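Enquirer:
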Amino acid sequence: MRVTAMYDLQGKMGDAVEWATLHEHLGFDAIHFPEVGRNPFTSLTLAAEHTEQIRVGTSVAIAFARSPYVMANLGWDLQEYSGGRLILGLGTQVKGHNERRFSVPWGPPTARLREYIEMMRAVWHTWRTGERPDYEGEYYRYTLDSYVFNPGPIDYPDPPIAIAAVRPRNTALGC
Numbered sequence: 001m002r003v004t005a006m007y008d009l010q011g012k013m014g015d016a017v018e019w020a021t022l023h024e025h026l027g028f029d030a031i032h033f034p035e036v037g038r039n040p041f042t043s044l045t046l047a048a049e050h051t052e053q054i055r056v057g058t059s060v061a062i063a064f065a066r067s068p069y070v071m072a073n074l075g076w077d078l079q080e081y082s083g084g085r086l087i088l089g090l091g092t093q094v095k096g097h098n099e100r101r102f103s104v105p106w107g108p109p110t111a112r113l114r115e116y117i118e119m120m121r122a123v124w125h126t127w128r129t130g131e132r133p134d135y136e137g138e139y140y141r142y143t144l145d146s147y148v149f150n151p152g153p154i155d156y157p158d159p160p161i162a163i164a165a166v167r168p169r170n171t172a173l174g175c
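Once you know that position 2 of the sequence shown is 2 in my numbering, the rest is easy, because the numbers rise by one and skip nothing.
Structure, rendered in C-alpha cells:
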C-alpha cells in the first residue's frame, strides 16, 4: 500500500518544509501540493530540497493557465531538481475559472488536455534527443525550439503525469 498526503497551502510558505520532512520521517510515499492559495511549484521545490526519498507532486496544477511548453519546463526542471521524484498532477479547472480568473479561452477540456499532455511529451522528447520539434494539434503547436531554450537531457525519466478527472472522458486519458 502507498500512502500520500496533501498539503494545505493556505499557511506560510516555510511550513511546507517542516510538513514535508515530517511526512518523509513518518514513512509516507508521496506528498502533494494543490494549486490553491499559493503556487504549488514553489512549495514543491522547497519540499524536494529538504527531503531525500519521498515523492513530491502537484495535486493538481491548473494546466490551461500555463502553456504546455511552460508546464513542460517546470516539470523537467523539478524532475531533475528532485532527483526523479516528481509526480506532475494536472487538471483542467472549470470554464468560469479559466475564462474569468485565468483569462484563457475555453474549449473541449478532454481533447485540449490530451493535446496539452502530448505537446509536453513532445517537448521532453526534443530536449532528451535533440530532434527538431514537430507537434501540431488543433489547440497547440510546437514546431520551434532553439539551443538557447533547450535545457538538454536530464538523468531521470520523464516525470509521470497524473490527471484530475471528473467525467469518464477525462479518466479515459489514462496518463
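Cβ atoms here follow ideal geometry from the backbone N, Cα and C, with glycine treated the same way. On a predicted model such as this, the values are computed, not experimentally measured, just so you know.
Of the residues Glu131, Glu138, Gly107, which one's Cα is nearest the Cα of Tyr147?
Expert: The residue labelled residue 147 in the question sits at position 147 within the sequence shown. It is Glu131.
Enquirer: Three or more beta-carbon pairs under 8 Å between the segment 74-91 and the segment 46-58, yes or no?
Expert: As far as the Cβ criterion goes, the segment 74-91 touches the segment 46-58, which means the pair count is three or higher.
Enquirer: Does the segment 29-36 come within contact of the segment 105-124, defined as at least 3 CB pairs closer than 8 Å?
Expert: no
Enquirer: Kindly provide the ranges of any alpha helix (DSSP H) runs that are 4 or more residues long and lie completely inside the segment 48-122, ordered along the chain.
Expert: 68-81, 95-100
Enquirer: Arg101: which of Val123, Ala65, Pro109, Arg128 sits nearest, CA to CA?
Expert: By 1-based counting over the sequence shown, the position of residue 101 is 101. Considering only alpha carbons, the answer is Ala65.
Enquirer: Pull up the DSSP beta-bridge partners for Ala162, would you.
Expert: Residue 162 sits at position 162 when you count from the first residue of the sequence shown. Answer is Gly89, bridged to Ala162.
Enquirer: Assuming Thr143 and Pro133 form a contact by the criterion Cβ under 8 Å, report the distance between their Cβ atoms to the nearest whole angstrom.
Expert: Locating residue 143 in the sequence shown gives position 143, where the first residue counts as 1. Locating residue 133 in the sequence shown gives position 133, where the first residue counts as 1. Between Thr143 and Pro133 a beta carbon distance of about 6 Å is seen, short of the 8 Å cut, so the two are scored as contacting.
Enquirer: Tell me whether Arg132 sits in a helix, a strand or coil according to DSSP, three-state version.
Expert: Along the sequence shown, one-based indexing puts residue 132 at 132. Arg132 falls in the coil class under three-state DSSP.
Enquirer: For the beta strand (DSSP E) containing Ala5, list its first residue and its last residue.
Expert: Here residue 5 is taken as the residue at index 5 of the sequence shown, counted from 1. Unbroken beta strand (DSSP E) run through Ala5: 4-6.
Enquirer: Measure from the alpha carbon of His25 to the alpha carbon of each residue in Asn39, Pro40, Ala5, Met13, then state which is nearest.
Expert: By 1-based counting over the sequence shown, the position of residue 25 is 25. With respect to the C-alpha of His25, the residue from Asn39, Pro40, Ala5, Met13 having the closest C-alpha is Ala5.
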